[in-house]
Amino acid sequence: MAFRDLREYLQTLERRGDLARIKVEVDWHLEMTEIIDRTVKRGGPALLFERVKGYDIPVAANLFGTKERVKLVLGGDPDDIAKEIASLLKPEIPETLWEKVRVLPKLAQLASFPPKRVRTGPCKEVIKKGKDVNLFELPIPKCWPKDGGRYITLGLSFTQTPDGKGKNVGTYRLQVFDERTLGFHAQTHKDGFRHFLMWEREGKDMPCAVALGGDPVLVYCATAPLPEDVDELLLAGFLRKQPVEVVPCETVPLEVPADAEIVIEGYVKAGERRLEGPFGDHMGVYSLPDEYPVLHVTCITMRRDPIYPHTIVGKHLHEDYWLGKATERIFLPLIQLILPEVVDINFPLEGVFHNWAIVSIRKRYPGHARKVMHALWGLGQMMFTKVLVVVDDDCDVHNMSEVLWRMFGFIDPGRDIVIVEGPVDDLNFASPLPRYGTKMGIDATRKWKEEGFNRPWPEDIAMDEDVKRRVDEIWEQLGIG
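Take 0 as the starting number for the sequence shown in numbering that gives the first Met the number 0 and just add one per residue.
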C-alpha cells in the first residue's frame, strides 16, 4: 500500500498497536535519544513525542525499527519485491552483452510511475522567508553528548545537476550552525556532493531543498544505491504503484513532495566550507570533525500542524539496519543481472553494511571467487565493502554458524586472502588515510586442482539418507525428546 503522508502511516501503526504516544515532557537534548535507543533495541513500537520541551511540534521516531514496519512502508516483503523485479528480467537473468541490452526495455517498467507535478500541497500551508526563517523553531534534537550540535537526521536532500537533467534525493545529516545555516554532510562519494562540485566549478551556488515527512517510503528510496542521476522518486513510484506528487519550491528551482510535513529551502554556497561534527554515527563511534559545504536557508514551508520525523544512529541495532536489509533483498536481482553467478548475499548486522558482506556463487572455473570479489568492489557503494567473503552455492549465507565454519575451515590464508587498495567510506575511521585504504577478500569456496590444490578436497560428513528416514520413524519411541 502507498501512504499519502507521514500522518497516515502513523495512524496505520496506531491501529495495529505499533505506536506509542509519549505524553510526558521529553527534552530534545539527549533525553529523546536515550528513549529511542532503548526502544529500538528492544524491538519496541514507533514513538510520537507529543510534548517536546520548549516546542509545540511533536516528534515521530523509530518509524523503521522492525522488519514488519519496513515491510509495511515498502508495501510488501522485500523478497517479494525482489521477485517482482526479477520477473521483469525473465525468462533468464542475462549473461551475454546482447541479452543485457535486450532486457533494458523491461527495466524501464521500474520507472512507470514518474513524479506528478501539482500546483500546491499541504507543505505550503505556512511559508516563512528571509529573516522570518529560524531553524530553532523546529524541535531538532541533539542526539549524543559529544555531537557538534543539533542535527537533522531524517531529511531528504533534493539536488540536481546544473543542466537539470540529473536528479538526486539523499539522506545526509545536517548540523544546525545557527538560525539560517546548516552543515551539508554529503560525503565524497555521494551524488549530492558530486552535484555540488559541478555547481561550484561553474562558480554557482547549488540549489537544495530538504523535505521532512511525506510517504515514509521516500526515506527508504533516498537510502537506496541507485545509479548516478537516477531519480529516487522513480523508485518510490514503482514501490507505491502510483506517482509521488511534487510541488515547486518557493525560492529554489526544485520540486519536493507535496505531502511533506516541513521543507527547508536554500543554496549550498560555492567556495564555502565549515567545520562540521563530531557526530555519533552508525559505526558506533563519533565521526571526526571535518570541513563540509554550508547550506544557507532562504525559506521554510510547512503544514499548520507539522510533525517532525527523526531517527538516531549509533552502536547497533538501529533503524538503518532494517532499511539496509531491505536493500540487500531488493537489489539482489540487479546484482545478478550483472553477475548471474551470484546466488545470494548477506550484510551481517555486525558489519554495519560497509564492513562485511557474504556472497554465495555458482563456481564454474578457477579463480571465479576472485573475479566476483573485484566485480562487486566495482559496483557503486559495494566499493566500500571492507571484508568480502565468497562461499559456494550450497552455503546459506544467512546461517552465520555455517558461514564462519567455512570461512575458517575452507581457507589457507596465504592463498585465499586478497588485499586491495582503493576508496573507502568517509566514515571508515580505521583507514590510515581519509577515504582511502585497503579491503580484504576471503575465498571460502572449495578449492580445485587448477587453483593449486594438489590433493582431493575432503567430503563433508553426512549420514546415509535411508538411515535418517528409519530413525525418523522410530524417533518418538526412543523417548529422547
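We treat Cβ as the ideally placed atom computed from N, Cα and C, and that holds for glycine.
**Request:** Tell me, please, which residues DSSP counts as bridged to G421.
**Result:** Stepping through the sequence shown from its first residue, residue 421 is reached at position 422. Answer is G436, bridged to G421.
**Request:** Just list the beta strand (DSSP E) runs in the region 156-233, keeping only unbroken ones of 3 residues or longer that don't cross its boundaries, in chain order.
**Result:** 166-169, 173-177, 180-183 and 205-211
**Asked** To the nearest whole angstrom, what separates the beta carbons of G379 and F352, a pair I think is in contact under 8 Å?
**Response** Within the sequence shown, residue 379 is the residue found at index 380, counting from 1. Within the sequence shown, residue 352 is the residue found at index 353, counting from 1. With 8 Å as the limit, G379 and F352 do not qualify as a contact, their Cβ atoms being about 13 Å apart.
**Prompt:** From this set, L137, Q10 and D204, which residue's C-alpha is nearest K268's C-alpha?
**Reply:** Position 269 of the sequence shown, counting from 1, holds the residue named residue 268. The shortest C-alpha separation from K268 is found at D204.
**Request:** Sort I311, I441 and H295 by Cα distance to R149 and report the nearest one.
**Result:** The sequence position of residue 149 within the sequence shown is 150, counting from 1. Of the candidates I311, I441 and H295, the one whose C-alpha sits nearest the C-alpha of R149 is I311.
**Asked** Which whole-angstrom value is the C-beta distance of L173 and G154, which I expect to be below 8 Å?
**Response** By one-based count along the sequence shown, residue 173 stands at place 174. By one-based count along the sequence shown, residue 154 stands at place 155. Yes, L173 and G154 are in contact; Cβ-Cβ is about 6 Å, under 8 Å.
**Message:** Against chain B, does H281 count as a neighbour if the rule is that its beta carbon must be under 8 Å from one of theirs?
**Reply:** This model lacks chain B altogether; it includes just one protein chain.
**Request:** Take G120 and list the residues in its own chain whose beta-carbon comes closer than 7 Å to its own, dropping the five residues that flank it on each side.
**Result:** Residue numbering aside, residue 120 sits at position 121 when the sequence shown is read from its first letter. Once the five neighbours on either side are set aside, the close Cβ partners of G120 are E244, V246, A257 and D258.
**Asked** Does the region 220-230 come close enough to the region 282-301 that 3 or more CB-CB pairs lie under 8 Å?
**Response** no
**Item:** Per-residue DSSP class, three states only, for S359
**Value:** As a first step, residue 359 is located in the sequence shown; it is residue number 360 there, counting from the start. S359 falls in the strand class under three-state DSSP.
**Prompt:** Helix, strand or coil for G129 per DSSP?
**Reply:** Residue numbering aside, residue 129 sits at position 130 when the sequence shown is read from its first letter. In this structure, G129 counts as helix in the three-state DSSP scheme.
**Message:** Starting from Y291, trace the beta strand (DSSP E) in both directions and tell me its first and last residue.
**Reply:** In the sequence shown, counting from the first residue as 1, residue 291 sits at position 292. Taken as a continuous stretch (DSSP letters only), the beta strand (DSSP E) holding Y291 covers D289 to Y291.
**Item:** Cβ shell of L73 (< 7 Å), same chain only, five flanking positions each side left out
**Value:** As a working note, residue 73 is residue 74 in the sequence shown. Around L73: I80, V216, Y219, L238 and A325.
**Prompt:** Got a sec, what are the start and stop residues for the beta strand (DSSP E) I263 sits in?
**Reply:** Position 264 of the sequence shown, counting from 1, holds the residue named residue 263. Its beta strand (DSSP E) spans residues I261 to V267.
**Item:** Coarse secondary structure for M301, derived from DSSP in three states
**Value:** If you number the sequence shown from 1, residue 301 lands on position 302. M301 falls in the strand class under three-state DSSP.
**Request:** Just the C-alpha distance for E327 and G75, rounded to the nearest angstrom, thanks.
**Result:** On the sequence shown, residue 327 is found 328 positions in, with the first residue counted as 1. On the sequence shown, residue 75 is found 76 positions in, with the first residue counted as 1. When rounded, the distance between both Cα atoms is 15 Å.
**Message:** Looking at the secondary structure, which residues open and close the alpha helix (DSSP H) in which L331 lies?
**Reply:** In the sequence shown, residue 331 corresponds to position 332, counting from 1. Here the alpha helix (DSSP H) through L331 covers L331 to I337.
**Request:** Return the residue from the list G270, D459 and I473 that minimises the CA-CA distance to D465.
**Result:** Within the sequence shown, numbered from 1, the residue matching residue 465 stands at position 466. Out of G270, D459 and I473, I473 has the C-alpha closest to the C-alpha of D465.
**Same chain, Cβ closer than 6 Å to V209, neighbours up to 5 away in sequence not counted** = As a position in the sequence shown, residue 209 is number 210, starting the count at 1. Excluding positions up to five away in sequence, the list reads G154, S156 and I263.
**Request:** Measure the alpha-carbon distance for P90 versus K82 and round it to whole angstroms.
**Result:** For this step, residue 90 is matched to residue 91 along the sequence shown. For this step, residue 82 is matched to residue 83 along the sequence shown. Its pLDDT being 47, under 50, P90 is placed unreliably in this model, and the value from its coordinates should be taken loosely. So the two alpha carbons sit approximately 13 Å from each other.
**Asked** For Y285, does the three-state DSSP call read helix, strand or coil?
**Response** Within the sequence shown, numbered from 1, the residue matching residue 285 stands at position 286. Y285: strand per DSSP, three-state reduction.
**Request:** Report yes if the C-beta distance between D391 and K362 is below 8 Å; otherwise report no.
**Result:** Here residue 391 refers to the residue found at position 392 when the sequence shown is read from its first residue. Here residue 362 refers to the residue found at position 363 when the sequence shown is read from its first residue. Yes, the pair counts as a contact, with Cβ atoms nearer than the cut-off.
**Asked** Just reading off the alpha helix (DSSP H) that F407 is part of, what are its end residues?
**Response** As a first step, residue 407 must be located in the sequence shown, where it is residue number 408. M399 to G408 is the span of the alpha helix (DSSP H), which, as asked, contains F407.
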